[in-house]
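Right, one structure below, let's go through it.
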Amino acid sequence: MVRIISDPAPLTLGDFIWVASQCRGEFSIPLGAKILSVKGDSYFIEDDDGKQYSLSVDSEVQLMHPSSIRSVPDMIALGELNECSILRNLFLRYKDNQIYTYTGSILIAINPYHSLPIYTTEIMKKYTNKSIGELPPHLFAIGDNAFRNMRLNSRDQCIIISGESGAGKTESTKLLLQFITTVSGQESCIGQQILDSNPIMEVAFGNAKTVRNDNSSRFGKYVDIHFDQNSGHIVSAHIEQYLLEKSRIVRQAPGERNYHAFYCMLAGMPEEEKRRLGLKEAECYNYLVQDNNTLSDISNDAAHYENIISTMRHLKFTDNQIEETWHLLAAILHLGNISFCDILKESTDASKVKDCHRSELRFASNLLGMGSTCLEKALTTRRIQMAGECVVAQFLPANAYAVRDAFVKTIYDHLFCWIVEKINAVIYKPVKGSSLSAASSAPDVRPTSHSPPAFASSHLQTPVEWLSQGRWRADLVTRSNTCASIDTLGSSPLAIRSGRDFNFHQNYTAGIGRVSIGVLDIFGFENFSTNSFEQLCINYANENIQQYFVRHIFKLEQEEYLTEGINWTHIKFQDNQEVLDLIAYHPLNILALVDEESRFPRGTDESFLNKLNARHSSTPNYIRSVSTAETRFGIMHFAGPVFYEVEGFLEKNRDTFNHDLLDVISTSNNTFLRELFEKRLNSKESRTRSLTLGMQFKNSLDRLMTLINSRHPFFVRCIKPNEFKLANCFDRNLCVRQLRYSGMMETIQIRSLGYPIRYEFHDFVLRFYMIPRLPLGATSPLKQSQPNAIKQLAIDICRTAFGTNDPNYAIGSTRVFLRNTHDVKLEELRENVINSSAVLIQSRWRGAMARSRYKSLRKSTIFCQRRFRQLAARRRFLRV
């Protein structure tokens, strides 16, 4: 943060200064202002919020650095690296509807909360084959660089989209998928099917309205798109989903809605079909109307219904499957309207369905394909095996409600998983000869051909391309399988080379290899007035993503500088590893304790909290209960402190399900319902001891982190400008908090001071050997595999291009490190040499061709002259 100090230089009209914010608080920082006039002992200023007021000349202000007066597209161009300048730059760009800003190749995206005309097909074409920095910052530039880096280096990529709930992650994911499917250069049926999965998973079954976001993803999603290594065309895809928020089906916070699918069905289904299913208006259902929840804040529910059906058909859902899907949703609504009352049965307190709700029970049981009596019995009783005998335990109404809610949550969860599996069955194509099925997990396919493929484009070759394809100095070109090892996290505006250079190598082995780009859209960090087990899991996932970011941006980079012997001043950064240890990795961590307590028959939420406080009261980042009467604990997350209410923790973690309901499902005449529960019905574990929800989520998240750790990452950091979903409203304190806790300040530091572009010596020499002009007839060190000679040639290239004492490059033990625009300069020098050489070759070729044509013409002319003279002589002879 800038410290406001008295500047010794006199301030004049038109100067820009930093002034103290009138709002005080932890995240209040100085804001920019312009001096409109200087009168006597006061300044009359206008600040960035448009407020005009006077300041005395004795006020503590600071002159603004010239680079902060106007916005810059890349934060690294700022002359002063502090929170004030960073925030002002984002603010100025946001005011001009420039919602994207670079930090090197890391993209910061601010949710505009209104439509912008920057995502058209023309814009997509504009950003295709363009390096980061060639055009204004854009989400499409990240997608294009990920695609081209995948093609160039034959390495799997991933794009990590992170940010708080409501920051625009889901929309960014959708736009990236649209761009990637377009840039692959083929009218792909699979590409369109990937896009069609969005309305089903997001508009309908996986998203809902929350207080922060009208279309909030209530599940995590990793979309892996597989490309043919040779052609670059999409050949397959796979979607992995994580932790659907099941509790939303039965309970929503005030001002929120259930999943969109319910409202779309009730608004769009034909009246005749609704009557057949016993459906009414949304206001009639307990699962849709709780507290003061909104029902129709989001328009076009009816139109979405038709769109959902059409996209499901395109993804090869049969009409019967679509119909059965709506039937299950209708059954869930009917189950939610069932109420229970107390009864006395054989001198035992019991419960039954109220008579006034018998019709709801009949509709639900008919739609589920089971008898109403059997369903009621499964909801109100439980069979227990004791000493070889079966004892029927009666439920009180409170228990019956809990069983009913668990039943509908399980139905919806299985339905959602089935929808994802059905989509995967269509979009995932196993490699030929593979035994993997479409329903299996996404395979970690590694390329079988290690040389970069030709770029998927067809155009006439220029002399530069003709030369760069290995027809000049082929002894060097054919030696390498990569053009360069380039760190695309770098601050260079051209960290990835443009598409024309993908033709650099023609000699690669054709095969069945695949490369892929994964896009991760996972739940944003959440902190509500009441946070429960779901928020703990969601924030644990966000801590993992933050650690992945920290590891790649800070840890690995600084470790590499030390390993390579680069002179480097260590940059301090906020490491959240201790928070991850507290939640999931140290012995007796929070997830382990909740898991342990969940397995104890007498375990309670209170006993779990007591164990937490006893074990972790002195653990860093843990905030214990203030008193024994308090039923919550806190964690100091990377995004700030969050307090969790323990009530319901154990029950949610157990994820219990009355197995009597499984027996009823197994005898149901609804084959679709039985199909949804097929794995569970056939699993022995489901009826004995299964993994808790927390352990299931931890295991799936560990697998995800293992996958993305093997890939080259690109980062998109989404920022929420205000809490009210308003356009043109910039909440400074909120944005400062997000920037500070996400580590963007340290990121900009390391991006500006580091060497983000790096080449191994072999690849560096392979690409730029022509710059120092080797003597004619000299033997290439690459050809003889001479490591010391290769390194020396790399040094000679740098000295020729930049001089001896330029601090913007460094020579390590195995690599060349470049800063900022030096990679651009090298490329310009390389292209100049190639172009001049091409001109020379062309001129020599044209000269040779002209000489050849001249000799041929001269020979033909002499021949014609000789024959003409012969003919003339013969005629003269005959006349004589």
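Per the UniProt record's numbering, residue 1 is the first one in the sequence shown, and the count goes up by one each step. Note that CB positions come from ideal geometry on N, CA and C, so glycine has one too. All values reported here derive from a predicted model rather than from experimental measurement.
### Query
Which residue from HIS334, PRO713 and PHE672 puts its Cα closest to that of GLY518?
By 1-based counting over the sequence shown, the position of residue 518 is 518. Residue PRO713 is the option with its Cα nearest to GLY518.
#### Entry: Contained alpha helix (DSSP H) runs [length at least 4] in the stretch 563-626, N- to C-terminal order
Runs found: 577-580, 590-599 and 605-616.
### Task
For the stretch 720-789, list the beta strand (DSSP E) runs that are entirely contained and at least 3 residues long, ordered along the chain.
If we require 3 residues or more, the beta strand (DSSP E) runs fully inside the stretch 720-789 come out as 757-760.
### Task
Using the Cα positions of PHE317 and TYR769, report the straight-line distance between them to the nearest angstrom.
Mapped onto the sequence shown, residue 317 falls at position 317. Mapped onto the sequence shown, residue 769 falls at position 769. If you draw a straight line from the Cα of PHE317 to the Cα of TYR769, it comes to about 56 Å.
### Message
Does the structure place the stretch 332-341 close enough to the stretch 363-381 that three or more beta carbon pairs sit under 8 Å?
### Response
Yes, the stretch 363-381 is in contact with the stretch 332-341.
#### Entry: Below-9 Å beta-carbon distance, THR128 vs any chain C residue
Looking for chain C here will not work: only one protein chain is present.
#### Entry: Start-to-end residues for the beta strand (DSSP E) that takes in TYR644
Locating residue 644 in the sequence shown gives position 644, where the first residue counts as 1. Start and end: 640-645.
### Query
In the structure shown, what three-state DSSP assignment does ASN653 receive?
The residue labelled residue 653 in the question sits at position 653 within the sequence shown. DSSP places ASN653 in helix when its eight states are reduced to three.
### Task
Express the C-alpha separation of ILE545 and ILE719 in angstroms, rounding to a whole number.
Indexing the sequence shown from 1 puts residue 719 at position 719. Indexing the sequence shown from 1 puts residue 545 at position 545. Rounded to the nearest whole angstrom, the CA to CA distance from ILE719 to ILE545 is 16 Å.
### Message
My output table needs one value for GLY79: the three-state DSSP class, helix, strand or coil.
### Response
Here residue 79 refers to the residue found at position 79 when the sequence shown is read from its first residue. Note: GLY79 maps to coil in three-state DSSP.
### Message
Could you tell me the alpha carbon to alpha carbon distance between GLU597 and TRP568, rounded to whole angstroms?
### Response
Position 597 of the sequence shown holds residue 597. Position 568 of the sequence shown holds residue 568. Cα-Cα distance, rounded: 48 Å.
### Query
Going by DSSP, what residues sit across from THR348 in a beta bridge?
Here residue 348 refers to the residue found at position 348 when the sequence shown is read from its first residue. BP columns for THR348 point to LYS345.
### Task
Apply the 10 Å Cβ neighbour rule to GLN98 and answer buried if 16 or more other Cβ atoms are within range, or exposed otherwise.
Looking up residue 98 in the sequence shown gives position 98. Buried, by the Cβ-count rule.
### Task
Could you check if SER617 is buried or exposed, using at least 16 other CB atoms within 10 Å of its CB as the buried criterion?
Within the sequence shown, numbered from 1, the residue matching residue 617 stands at position 617. When all chains shown are included, SER617 counts as exposed.
### Three CB pairs or more closer than 8 Å across the stretch 384-391 and the stretch 647-664
In short, these stretches do not touch, since the Cβ pair count stays below three.
### Query
Which of helix, strand or coil does DSSP assign to TYR242?
In the sequence shown, residue 242 corresponds to position 242, counting from 1. DSSP, reduced to helix, strand and coil, places TYR242 within a strand of the structure shown.
### Task
Give the straight-line distance between the Cα atoms of LEU87 and SER690, rounded to the nearest whole angstrom.
Locating residue 87 in the sequence shown gives position 87, where the first residue counts as 1. Locating residue 690 in the sequence shown gives position 690, where the first residue counts as 1. Roughly 49 Å separates the two Cα atoms.
### Task
Starting from the C-beta of PHE91, find all residues in its chain whose C-beta is less than 7 Å away, skip the five residues before and the five after it, and write them out in chain order.
Indexing the sequence shown from 1 puts residue 91 at position 91. ASP48 and PHE730.
### Distance, THR170 Cα to TYR113 Cα
As a first step, residue 113 must be located in the sequence shown, where it is residue number 113. As a first step, residue 170 must be located in the sequence shown, where it is residue number 170. Rounded to whole angstroms, the separation of the alpha carbons of THR170 and TYR113 is 13 Å.
### Message
Under DSSP, the alpha helix (DSSP H) around LYS422 begins and ends at which residues?
### Response
As a working mapping, residue 422 is identified with position 422 in the sequence shown. It spans 397-427 - the alpha helix (DSSP H) in which LYS422 sits, taken as one unbroken run.
### CA-to-CA distance, ARG737 to SER71, given in whole angstroms
Numbered from 1 along the sequence shown, position 71 holds the residue referred to as residue 71. Numbered from 1 along the sequence shown, position 737 holds the residue referred to as residue 737. When only Cα atoms are considered, SER71 and ARG737 end up about 21 Å apart.
### Task
Let me know if CYS284 comes out buried or exposed under the rule of 16 or more other beta-carbons within 10 Å of its beta-carbon.
On the sequence shown, position 284 is the one that residue 284 refers to. By the neighbour-count criterion, in which a residue is buried when 16 or more other Cβ atoms sit within 10 angstroms of its Cβ, CYS284 is exposed.
### Query
Helix, strand or coil: which one does DSSP assign to GLN394?
Working through the sequence shown from its first residue, we reach residue 394 at position 394. Strand at GLN394.
### Task
Taking LYS169 as part of the alpha helix (DSSP H), name the residues at either end of that continuous run.
Indexing the sequence shown from 1 puts residue 169 at position 169. 169-183 is the span of the alpha helix (DSSP H), which, as asked, contains LYS169.
### Message
So the candidates are ARG276, ASN153, HIS304 and GLN394; which of them puts its Cα closest to the Cα of GLU346?
### Response
To locate residue 346, count along the sequence shown from 1; it is residue 346. Looking at the Cα atoms, GLN394 is the closest of the given residues.
### Task
Output the distance between the C-alpha atoms of PRO254 and ASP605, rounded to the nearest integer angstrom.
Within the sequence shown, numbered from 1, the residue matching residue 254 stands at position 254. Within the sequence shown, numbered from 1, the residue matching residue 605 stands at position 605. So the two alpha carbons sit approximately 24 Å from each other.
### Query
How is the alpha helix (DSSP H) around PHE262 delimited, first residue to last?
Taking the first residue of the sequence shown as position 1, residue 262 is located at position 262. 260-268 is the span of the alpha helix (DSSP H), which, as asked, contains PHE262.
### Query
What is the residue span of the beta strand (DSSP E) that ASP224 lies within?
Locating residue 224 in the sequence shown gives position 224, where the first residue counts as 1. Start and end: 220-228.
### Query
Just the Cα atoms here: how many angstroms apart are PHE802 and LYS825?
As a position in the sequence shown, residue 802 is number 802, starting the count at 1. As a position in the sequence shown, residue 825 is number 825, starting the count at 1. One C-alpha to the other measures close to 9 Å.
### Query
Closest to PRO73 by CA distance: which of PRO66, GLY104 and ALA330 is it?
On the sequence shown, position 73 is the one that residue 73 refers to. The shortest C-alpha separation from PRO73 is found at GLY104.
#### Entry: Proximity to ASP217 [Cα-Cα], best of VAL235, PHE227, ASN258 and ALA109
The sequence position of residue 217 within the sequence shown is 217, counting from 1. The amino acid at residue 217 is misidentified as Asp; the sequence shows Ser. Nearest C-alpha to SER217: ASN258.
### Nearest-angstrom Cα separation, counted from LEU13 out to ALA20
Your numbering for residue 20 matches position 20 in the sequence shown. Your numbering for residue 13 matches position 13 in the sequence shown. Our two residues, ALA20 and LEU13, have alpha carbons roughly 19 Å apart in a direct line.
### Task
Count the other C-beta atoms from every protein chain shown that fall within 10 angstroms of the C-beta of ILE750, then say buried if there are 16 or more, exposed otherwise.
By 1-based counting over the sequence shown, the position of residue 750 is 750. In the assembly as shown, ILE750 is a buried residue. Its beta-carbon has 16 or more other beta-carbons within 10 Å.
### Query
So the alpha helix (DSSP H) GLN870 belongs to, where does it begin and stop?
For the purposes of this step, residue 870 is taken as residue 870 along the sequence shown, with counting starting at 1. Segment 822-879, the alpha helix (DSSP H) holding GLN870.
#### Entry: Inter-residue spacing [alpha-carbon to alpha-carbon] between SER836 and ARG758
Stepping through the sequence shown from its first residue, residue 836 is reached at position 836. Stepping through the sequence shown from its first residue, residue 758 is reached at position 758. In a straight line, the C-alpha of SER836 is about 27 Å away from that of ARG758.
### Task
Buried or exposed for ASN653, please, with buried defined as at least 16 other CB atoms from any protein chain shown within 10 angstroms of its CB.
Locating residue 653 in the sequence shown gives position 653, counting from the first residue. Buried, since its Cβ has 16 or more Cβ neighbours within 10 Å.
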